[in-house]
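Quick note, the sequences are listed as chains A and B, same order.
Our numbering numbers the first residue of the first sequence as 19 and each following residue consecutively.
Our numbering numbers the first residue of the second sequence as 75 and each following residue consecutively.
What follows is one structure encoded as structure tokens, with my remarks underneath.
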Amino acid sequence: DIQVTQSPSSLLASLGERVTITCQTSQSISNNLNWFQQKPGQAPMLLIYYATSLQTGMPSRFSGQYSGRSFTLTITSLEPEDIANYFCLQHYSAPWTFGGGTKLELK
Amino acid sequence: QVTLKESGPGILQPSQTLSLTCTFSGFSLSTYGMGVGWIRQPSGKGLEWLANIWWDDDKYYNPSLKNRLTISKDTSNNQAFLKITNVDTADTATYYCARMRGPPFDYWGQGVMVTVSS
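Take a look at the structure:
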């Protein structure tokens with residue numbers, strides 16, 4: 019199975035701050051990784067697909083990059099509505115595996 | 075407009091079989107490249123992928139649940155199903171179904187809570 023290590027598990031940030039979350043995979047998965055945002059009591063929402071593509075309707079302050087087995091989600095300027103949990107998912111090979119999640123909170 | 079909605083028993087006892095239904099609209103599981111997956115999330119914890127079913131009836135399962143999972147679909151009625159046999163308290167979670175079309179899980183249902191308790 020491909021392991022996905024997500025960091026940090028929690029993050030305190032200020033409004034307007036640049037935020038970066040990372041997922042590291044145990045094997046090469048090309049660009050087969052998605053990022054999801056989940057607000058309390060809600061279902062996850064697709065943010066970024068195939069590592070770098072912004073899902074339709076999601077704000078352009080969200081972006082994804084990758085290099086090798088390291089994938090990053092960046093929020094260029096944190097907004098109040100971005101306070102949520104963030105997960106990555108590798109869908110390169112079964113069993114698909116999620117990162118452990120990052121809880122983003124306001125400082 | 076794509077929507078998905080999960081339904082299930084709410085509460086069941088250990089050793090019983092959990093039957094979940096995903097009723098969707100706005101797409102068809104007979105369309106080339108379309109799929110539905112099931113994911114679960116214990117309260118306060120992370121997400122676990124369970125199974126996928128594709129338009130051509132191809133199926134994939136998470137081997138961590140060994141042979142307890144069965145995924146199926148009813149294309150005519152726009153439904154997908156997941157059965158988990160021999161449940162125990164570790165299966166207590168919110169269960170989601172989600173669409174796959176190109177990138178996986180672009181639309182999700184609201185989730186259904188399932189509690190396993192004696």
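Don't be surprised by glycine CBs; every beta carbon is placed ideally from N, CA and C.
For VAL186 of chain B, the number of other beta carbons within 10 angstroms of its own is at least 16, and it is reported as buried. Around the C-beta of ARG36 of chain A, fewer than 16 other C-beta atoms lie within 10 Å, and the residue is accordingly described as exposed. With respect to the C-alpha of LYS121 of chain A, the residue from A:ILE47, A:GLN45, A:ASP19, A:PHE54 having the closest C-alpha is A:PHE54.
Secondary structure note for THR90 of chain A: its beta strand (DSSP E) is the uninterrupted segment 88-93. Per DSSP, TRP129 of chain B is not a residue of any beta strand (DSSP E), being assigned neither H nor E. If you compare the alpha carbons of A:LEU96, A:ASP100, A:PHE105 with that of THR23 of chain A, the shortest gap goes to A:PHE105. Neighbours of GLY119 of chain A in chain B, taken as residues at a C-beta separation under 7 Å, are given in chain order as GLY120. Excluding sequence positions up to five before and after THR166 of chain B, its CB lies within less than 7 Å of the CB of PRO116, VAL188, THR189, VAL190, all in the same chain and listed in chain order.
Taking 7 Å as the cut-off, the beta carbon of LEU92 of chain B is found no closer than this to the beta carbon of GLY183 of chain B. In this structure, the beta-carbon distance from LEU65 of chain A to PHE89 of chain A does not fall below 7 Å.
By the Cβ neighbour-count rule, ILE85 of chain B is exposed, with fewer than 16 other Cβ atoms within 10 Å of its own.
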